[in-house]
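I have placed the structure first, in the form of structure tokens, so that the comments after it can refer back to it.
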Amino acid sequence: MMRIGIIGLGAIGQRLIKRFAEHKEVEIVAVCDQMEPLAMKTANDLGGINAYTEYQQLIADEKVELVYVAVPPKLHHSIVMEALKAGKHLLCEKPLANSLEEAEEMFHTAKQANVVHAMNFPLNYEPATNKFAEMMQERYIGKLRRLQLSMHFPQWPRAWQQNNWVGGREQGGFVLEVGVHFIQQIVKMFGDVNDIRTQLELPEDPSKCETGIIATAKLADGTPVLIEGLSQIPGKEYIGFTAYGTEGSLSLDNWGIIRAGKNGEEPKEISFEHQPYNNLIDELVKATKGEEAEIYDFEIGFKAQRVLEQLRKM
Ligand SMILES: NC(=O)c1ccc[n+]([C@@H]2O[C@H](COP(=O)([O-])OP(=O)(O)OC[C@H]3O[C@@H](n4cnc5c(N)ncnc54)[C@H](O)[C@@H]3O)[C@@H](O)[C@H]2O)c1
58 MMRIGIIGLG AIGQRLIKRF AEHKEVEIVA VCDQMEPLAM KTANDLGGIN
108 AYTEYQQLIA DEKVELVYVA VPPKLHHSIV MEALKAGKHL LCEKPLANSL
158 EEAEEMFHTA KQANVVHAMN FPLNYEPATN KFAEMMQERY IGKLRRLQLS
208 MHFPQWPRAW QQNNWVGGRE QGGFVLEVGV HFIQQIVKMF GDVNDIRTQL
258 ELPEDPSKCE TGIIATAKLA DGTPVLIEGL SQIPGKEYIG FTAYGTEGSL
308 SLDNWGIIRA GKNGEEPKEI SFEHQPYNNL IDELVKATKG EEAEIYDFEI
358 GFKAQRVLEQ LRKM
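For the sequence shown, the working numbering assigns the number 58 to the initial residue and increments by one for each residue that follows.
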């Protein structure tokens, strides 16, 4: 049994609680949220487990082997550093941190601690993303000419994530919150991203996050990367990640749809029914047992942060 404690019981914390609770090899032993009624209710719903309002208390709980950090980005660093000191395994929400300095310290400290340090980058455990990577490896598009990420939000913050931080400039904004998933995929599939130039549209109110971005960058071989996004626009939400090549194009649309076409054709939706993929929680359990596992660690979180911090600051 992997005994976990969860800090942060908001939108994503609750989503993962359901998955942890269903897993045969996981036991949720403690929860923590600064909102006491939420901590108490969640603990009661989970059968009367330990409930805390201070993260230090959960980290000090001897029953807890792995700490899942699901609080807003600004708090990741202090919680992770404390948990590392206590020798706990970690699953940290993305983005790893709220600055490059924080991310670097977390990564270096985690590397020296003899613990699992995993990030929740869920795209890696999706069949569509694995199909995308497989078709890239098979050179479906020929030679890569350009990567393009589009992020269009009629409403930001989105309806399901109304909170007091994701619309703020300090630790919110769609570049950090959503862009991070695709930056991590780019780094994983294509390596380092350099020569980042960014143009942000920022509201006059300095406390509010960006409403637009147009950024360019280059892969190591010079292949261009174009990142564009806008919020507060008409129409439907759209997140598109496209690779254009000499022979065709391949897109991951709205997190789970693959569209592909050869030059001269209309891109079509591709089915990926039998695409193999792993499950984050199975992989975490394996990693904590010392078995080989598909884990995206703090080094990957740090590399993504390096790109993100250049994108979100002019
Ligand atoms: N992996 C994903 O797909 C995904 C999706 C959404 C959010 N996230 C990430 O998850 C994290 C949380 O996002 P969310 O949307 O659940 O936010 P949220 O605001 O809904 O929830 C955060 C919770 O943390 C609690 N909290 C804040 N400060 C605390 C403290 N000092 N001690 C204890 N609890 C505290 C809040 O009371 C709240 O319940 C962020 O890093 C976000 O980027 C990841």
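By construction, the Cβ of each residue, glycine as well, lies at the ideal position given by its N, Cα and C atoms.
Alpha-carbon to alpha-carbon, residue j and residue i
{"i": "A350", "j": "Y182", "result": "12 Å"}
{"i": "E258", "j": "G269", "result": "5 Å"}
{"i": "H331", "j": "K145", "result": "36 Å"}
{"i": "I136", "j": "G318", "result": "46 Å"}
{"i": "E26", "j": "M138", "result": "What is shown of the chain runs 58 to 371, which leaves residue 26 out entirely."}
{"i": "P321", "j": "G305", "result": "It should be pointed out that residue 321 corresponds to Gly in this sequence rather than to Pro. Each residue's alpha carbon lies about 8 Å from the other."}
{"i": "G297", "j": "W312", "result": "8 Å"}
{"i": "V173", "j": "G62", "result": "15 Å"}
{"i": "R226", "j": "S264", "result": "5 Å"}
{"i": "G358", "j": "D310", "result": "23 Å"}
{"i": "A272", "j": "I240", "result": "12 Å"}
{"i": "P214", "j": "E294", "result": "12 Å"}
{"i": "T255", "j": "Q367", "result": "8 Å"}
{"i": "Q289", "j": "F210", "result": "6 Å"}
{"i": "F164", "j": "G104", "result": "35 Å"}
{"i": "E323", "j": "T303", "result": "15 Å"}
{"i": "D278", "j": "K245", "result": "15 Å"}
Per-residue DSSP class, three states only, for residue i
{"i": "I74", "result": "helix"}
{"i": "S288", "result": "strand"}
{"i": "M92", "result": "coil"}
{"i": "H381", "result": "Missing from the structure shown is residue 381; the chain here goes from 58 to 371 and no further."}
{"i": "L153", "result": "coil"}
{"i": "L337", "result": "helix"}
{"i": "M59", "result": "strand"}
{"i": "T273", "result": "strand"}
{"i": "E84", "result": "strand"}
{"i": "V128", "result": "coil"}
{"i": "M142", "result": "The sequence shown places Lys at residue 142, not Met. Looking at K142 - three-state DSSP - the assignment turns out to be helix."}
{"i": "K265", "result": "strand"}
Terminal residues of the alpha helix (DSSP H) in which residue i lies
{"i": "E356", "result": "F355 to R369"}
Span of the beta strand (DSSP E) around residue i
{"i": "T255", "result": "V250 to E258"}
{"i": "S308", "result": "G305 to D310"}
{"i": "G65", "result": "Premise fails: G65 is in no beta strand (DSSP E) and is neither H nor E."}
{"i": "A300", "result": "Y295 to G302"}
{"i": "A317", "result": "I314 to K319"}
{"i": "I327", "result": "K325 to I327"}
Cβ-Cβ separation, residue j to residue i (assumed contact under 8 Å), whole Å
{"i": "L141", "j": "T110", "result": "Contact doesn't hold; Cβ gap of about 22 Å is too wide."}
{"i": "R32", "j": "Y301", "result": "A question about residue 32 goes unanswered here, because the residues of the chain that appear run from 58 up to 371."}
{"i": "I284", "j": "L206", "result": "5 Å"}
{"i": "E84", "j": "M58", "result": "5 Å"}
{"i": "H238", "j": "L180", "result": "5 Å"}
{"i": "L157", "j": "R363", "result": "6 Å"}
8 Å Cβ cutoff, residue i in contact with chain B
{"i": "K265", "result": "Looking at the structure shown, chain B is missing, and only one protein chain is on hand."}
Just to confirm the assignment: which complete beta strand (DSSP E) runs, minimum length 3, are found wholly within the segment 164-244? 174-177 and 201-210
At 3 residues or longer, and completely inside the segment 99-124: list those beta strand (DSSP E) runs for me, N to C. 107-109
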